[in-house]
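Participant: What follows is a structure written as structure tokens; I'll ask about it next.
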Amino acid sequence: MTADAAIGRRGLKRGKKRSLLIEAGIIGAIALLLIFIIPTLISPFRLNLLGRFLSLAIVALGIDLIWGYTGLLSLGHGIFFGLGGYAIGMHLKLQVPQGELPDFMGLYGVTELPWFWHPFQAFPFASAAVVLIPGILAALLGYLVFRNRIRGVYFSILTQAATIVFFNFFNGQQKLFNGTNGLVNFKTLLGTAVGSRPSQFTFYVLTVLLLIATYALCRWLTSGRFGRLLVAIRDDESRVRFSGYDPTEFKVLVFAISGAIAGLAGAMYTLQSGSVSPRAMDVAFSIEMVIWVAIGGRGSLVGAVVGALLVNYARSFFSEQFAEIWLFFQGALFLIVVTVLPDGIVGWLRSSDLLRLGHRRQLSTYPEIEVNPEVQSERQEIETRSEE
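Per our numbering, the sequence shown starts with residue 66, numbered consecutively.
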């Protein structure tokens, strides 16, 4: 490696480290604000709403990972969101005296607990199932789709069709999942009342911490060579394949992680909303998730969080203030962003030099990867080694 290349590489590392420290400091400050300051300023009802919206921001991060960075537009993340909610909901419905069944089963003449409900009596199993069941299902679905090189609009149609299948299945299972009403009326979790104020505050704090952890995971995954490979798959998958990589493996892995993240979000939303139903698997809800990311700015993790919070708070505000016409406001917001801000809010702020947080992480198009300083430095190092 030449002296200039070594100096440039060290400069890049220092700049990256400084940027990460600044970002970590800002995230830490926001976390302290959300946990210690915000609860003293708003009512318990508003705090519960914020907790729900933060859980929706978690699933938005998963969608940004698969769509913004890998270029796979999934219209079926409601499946994984709903499965995570049902996993924790089944455990909550089993918090009944020994020998009794969940209340809704008696209404349909069920006399014995179905076999697949038994494992959910254990909290550790239910907690693991929240992420494992959606993650494994996403991996299987992704493998079946990606190995046949299905992508683009066909992938989106398939995920949407899968959503319809799961929605109809859960909606029609009255004896097993209470059908269209879903699982409601939760009582206790680990011996404490689910709906009590201390429990709900605990769920809120846990949601904040999980959102930060999910953000850190996605930031780590999209950094370095793995992140650049995801961008390369997004922009030119054929070129990646000709370079000796198998895009199928990476897409299956990212899709599985994204599904697991959605399951985690569904569980936290269920704990704070007090119910889970097939509506979580509705096609419209899955499309809404994509809209959150588009409005915030896909390809930027910050944008996914901003979009989820902004859209849901706007919907809450307009539905309260303008109950009869709030849908028009929501539609106008979508149209304005799509037509005026095609890169989303965060993309507009970056292009306007108003937002510098994570600027180095802004996704570039594939040709720009060729002139990326980090890529050039790696190439020089490889060439030097080959000459030796």
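Glycine included, every Cβ here is placed at the ideal spot set by N, Cα and C. Owing to the predicted nature of the structure, the values given are computational and were not obtained by experimental measurement.
Taking all protein chains shown into account, do 16 or more other C-beta atoms lie within 10 angstroms of the C-beta of S303, making it buried, or fewer, making it exposed?
Facilitator: For this step, residue 303 is matched to residue 238 along the sequence shown. With fewer than 16 other Cβ atoms within 10 Å, it is exposed.
Participant: The alpha helix (DSSP H) that contains A325, what's its start and end?
Facilitator: The sequence position of residue 325 within the sequence shown is 260, counting from 1. Note, A325: alpha helix (DSSP H), 312 to 338.
Participant: Strictly by DSSP, which residues pair up with V341?
Facilitator: In the sequence shown, the residue the question calls residue 341 occupies position 276. V341 is bridged to L248.
Participant: The alpha helix (DSSP H) spanning H65 covers which residue range?
Facilitator: Residue numbering for the chain in the displayed model covers 66 to 453; residue 65 lies beyond these limits and cannot be assessed.
Participant: Tell me the rounded alpha-carbon separation between I277 and G147.
Facilitator: The residue labelled residue 277 in the question sits at position 212 within the sequence shown. The residue labelled residue 147 in the question sits at position 82 within the sequence shown. Going from the Cα of I277 to the Cα of G147 covers about 22 Å.
Participant: What are the boundary residues of the alpha helix (DSSP H) that M354 is part of?
Facilitator: In the sequence shown, the residue the question calls residue 354 occupies position 289. First-last of the alpha helix (DSSP H) with M354: 348 to 361.
Participant: Start and end of the alpha helix (DSSP H) containing D300?
Facilitator: To locate residue 300, count along the sequence shown from 1; it is residue 235. That run of the alpha helix (DSSP H) goes 289 to 300.
Participant: Along the chain, where does the alpha helix (DSSP H) that runs through F242 open and close?
Facilitator: By one-based count along the sequence shown, residue 242 stands at place 177. Run containing F242: 239 to 242, per the alpha helix (DSSP H) assignment.
Participant: Kindly indicate which three-state DSSP category T224 falls into: helix, strand or coil?
Facilitator: Taking the sequence shown and counting its residues from 1, one reaches residue 224 at position 159. If DSSP states are grouped into helix, strand and coil, T224 belongs with the helices.
Participant: Spatial neighbours of V317 within its chain, please: C-beta separation below 7 Å, excluding the five flanking residues on both sides.
Facilitator: Taking the first residue of the sequence shown as 1, we reach residue 317 at position 252. For V317, where only same-chain residues beyond five positions count, the Cβ hits under 7 Å are A204, G207, Y208, F211.
Participant: Using the beta-carbon count (16 or more within 10 Å), is V195 buried or exposed?
Facilitator: For this step, residue 195 is matched to residue 130 along the sequence shown. Buried is the call here.
Participant: For the alpha helix (DSSP H) holding Q186, just list the boundary residues, first then last.
Facilitator: For this step, residue 186 is matched to residue 121 along the sequence shown. Counting along the chain, Q186 falls outside any alpha helix (DSSP H), and DSSP gives it neither H nor E.
Participant: Determine the burial state of D168: buried for a count of at least 16 other Cβ atoms within 10 Å of its Cβ, exposed for fewer.
Facilitator: Counting from 1 along the sequence shown, the entry for residue 168 is found at position 103. Exposed, because fewer than 16 other Cβ atoms sit within 10 Å of the Cβ of D168.
Participant: For chain D, check one thing: does any of its Cβ atoms lie closer than 8 Å to the Cβ of L202?
Facilitator: Absent here is chain D; the protein component of the structure consists of one chain.
Participant: Identify every residue that forms a DSSP beta bridge with A258.
Facilitator: Locating residue 258 in the sequence shown gives position 193, counting from the first residue. According to DSSP, A258 bridges with T253.
Participant: Classify A369: buried if its beta carbon has 16 or more other beta carbons within 10 angstroms, exposed otherwise.
Facilitator: As a working note, residue 369 is residue 304 in the sequence shown. Label assigned to A369: buried.
Participant: Can you look up G423 in the DSSP assignment and give me helix, strand or coil?
Facilitator: For this step, residue 423 is matched to residue 358 along the sequence shown. With a pLDDT of 43 at G423, under the threshold of 50, the predicted position of this residue should be treated as unreliable, though the coordinate-derived value follows. Three-state result, G423: coil.
Participant: Exposed or buried, what is T224 when buried is set at 16 or more other beta-carbons lying within 10 Å of its beta-carbon?
Facilitator: In the sequence shown, the residue the question calls residue 224 occupies position 159. So T224 ends up on the buried side.
Participant: If you run the structure through DSSP and keep just helix, strand and coil, what is L428?
Facilitator: Taking the sequence shown and counting its residues from 1, the one referred to as residue 428 is at position 363. The pLDDT assigned to L428 is 46, lower than 50, so where the model puts this residue is not dependable; a value taken from the coordinates is nonetheless given after this. Correct three-state label for L428: coil.
Participant: On the criterion of 16 or more Cβ atoms from any shown chain inside 10 Å, does A125 qualify as buried, or is it exposed?
Facilitator: For the purposes of this step, residue 125 is taken as residue 60 along the sequence shown, with counting starting at 1. Its Cβ being crowded by 16 or more others within 10 Å, A125 is buried.
Participant: Are the region 133 to 143 and the region 357 to 366 touching by the rule of at least three beta carbon pairs closer than 8 Å?
Facilitator: Yes, since at least three Cβ pairs between the region 133 to 143 and the region 357 to 366 fall closer than 8 Å, the two stretches touch.
Participant: Ordered along the chain, which non-local residues of its own chain (more than five positions away) have a Cβ less than 7 Å from that of F387?
Facilitator: The count along the sequence shown starts at 1 and reaches residue 387 at position 322. Within the same chain, F387 has close Cβ partners F394.
Participant: Where does the unbroken alpha helix (DSSP H) through A373 begin, and where does it stop?
Facilitator: The residue labelled residue 373 in the question sits at position 308 within the sequence shown. From DSSP, the alpha helix (DSSP H) with A373 extends over 366 to 386.
Participant: With a threshold of 8 Å, are at least 3 pairs of Cβ atoms found where one atom belongs to the region 326 to 335 and the other to the region 116 to 123?
Facilitator: Enough Cβ pairs lie closer than 8 Å, so yes.
Participant: Using alpha carbons as the reference points, say which of P343, N250, F266 lies closest to S108.
Facilitator: Here residue 108 is taken as the residue at index 43 of the sequence shown, counted from 1. It is F266 whose Cα lies nearest to the Cα of S108.
Participant: Output the boundary residues of the alpha helix (DSSP H) element that contains W391.
Facilitator: Taking the first residue of the sequence shown as position 1, residue 391 is located at position 326. Start and end: 391 to 405.
Participant: List the endpoints of the continuous alpha helix (DSSP H) containing P109.
Facilitator: For the purposes of this step, residue 109 is identified with residue 44 of the sequence shown, where counting begins at 1. Taken as a continuous stretch (DSSP letters only), the alpha helix (DSSP H) holding P109 covers 109 to 128.
Participant: Rounding to the nearest angstrom, what Cα-Cα distance links L138 and G174 in this structure?
Facilitator: The count along the sequence shown starts at 1 and reaches residue 138 at position 73. The count along the sequence shown starts at 1 and reaches residue 174 at position 109. Taking the straight line joining both Cα atoms gives about 42 Å.
Participant: Should the region 340 to 360 be regarded as contacting the region 399 to 413, the criterion being three or more beta carbon pairs within less than 8 Å?
Facilitator: Touching, per the Cβ criterion.
Participant: Hey, out of H183, A330, L294, whose CA is closest to V161's CA?
Facilitator: Within the sequence shown, residue 161 is the residue found at index 96, counting from 1. Comparing Cα-Cα distances from V161 to each of H183, A330, L294, the minimum goes to H183.
Participant: Taking the continuous alpha helix (DSSP H) assigned at R415, which residues delimit it?
Facilitator: Along the sequence shown, read from residue 1 onward, the residue named residue 415 stands at position 350. Here the alpha helix (DSSP H) through R415 covers 409 to 416.
Participant: Rounded C-beta distance between G396 and P199? I'm assuming under 8 Å.
Facilitator: Taking the first residue of the sequence shown as position 1, residue 396 is located at position 331. Taking the first residue of the sequence shown as position 1, residue 199 is located at position 134. No, G396 and P199 are not in contact; Cβ-Cβ is about 30 Å, not under 8 Å.
Participant: Give me the Cβ distance between A330 and G149, rounded to the nearest whole Å; I'm assuming they're in contact under 8 Å.
Facilitator: In the sequence shown, residue 330 corresponds to position 265, counting from 1. In the sequence shown, residue 149 corresponds to position 84, counting from 1. The Cβ separation is near 7 Å, so the contact holds.
Participant: Using the Cβ count rule (16 or more neighbours within 10 Å means buried), how would you classify N233?
Facilitator: Numbered from 1 along the sequence shown, position 168 holds the residue referred to as residue 233. By the 10 Å Cβ count, N233 comes out exposed.
Participant: For the candidate residues N250, A94, D129, I103, whose alpha-carbon lies nearest to that of R284?
Facilitator: As a position in the sequence shown, residue 284 is number 219, starting the count at 1. That would be D129, whose Cα lies nearest to the Cα of R284.
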